[in-house]
Amino acid sequence: MGTPSVEQLRDAVRGFDRLYGLELLSFSETEVTGRVSVREEIKQPAGLVHGGVYASVAESLASLATHVAVAAQGEMAMGLSNSTSFLRPVTEGTVHARGVRLHRGRTTWVWDVTFTDDHDRVCAVTRMTIAVRPMPSPAG
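Just so you know, the sequence shown maps onto residues 7 to 146 in our numbering.
Right under this line is the structure:
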């Protein structure tokens, strides 16, 4: 199977990513972008987008882009470490995310994900380490 299109990957968004509203915009082996529309359900009690949303977006985008790059070799990708710093609150509009790969290793990839608001102000940054492991053999 060839590399999936952005549309195919958008259709594959499920589970928790669908629950908080992740929308994939673009991806490659070196860069990935997405966004989440701000709604009451993803805010913390103080009215700010919950920090877990940023961490979830970073892990999903970096894992997805890594997985697409390594799947043809029979490998899969999953989050290993996630460190997010919050710089400016987002209370409305859209959270925009852009991940850039910093390192492509044999067993780990490292990404920086920058989050901006609708005014292109940096609101949070995440350093994301992705583990690359062999895909499990099908049972049988």
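C-beta atoms are modelled at their ideal positions from N, C-alpha and C, and glycine is treated no differently.
By the neighbour-count definition (other C-beta atoms within 10 Å, threshold 16), D124 is an exposed residue. Each residue's CA atom was taken as its position, placing L70 and E98 some 26 Å apart. Under the three-state reduction of DSSP output, E65 falls in the helix class.
Residues of the same chain with a CB within less than 6 Å of the CB of T36, apart from the 5 flanking positions on each side, are R107 in chain order.
As DSSP reads the structure, A18 sits in no beta bridge. Shortest Cα-Cα distance from R110 to any of G80, T72 and F22 involves T72. Counting only the Cα atoms, A145 lies some 37 Å from R104. Counting of Cβ neighbours within 10 angstroms places G58 among the exposed residues, the total staying below 16. Looking at the backbone, the Cα of V131 and that of V138 are separated by about 22 Å. When DSSP states are grouped into helix, strand and coil, H73 belongs to the helix group. The C-beta of M84 has fewer than 16 other C-beta atoms within 10 Å across all chains shown, which makes the residue exposed.
About 6 Å separates the beta carbons of V101 and R41, which is inside the 8 Å limit, making them a contact pair.
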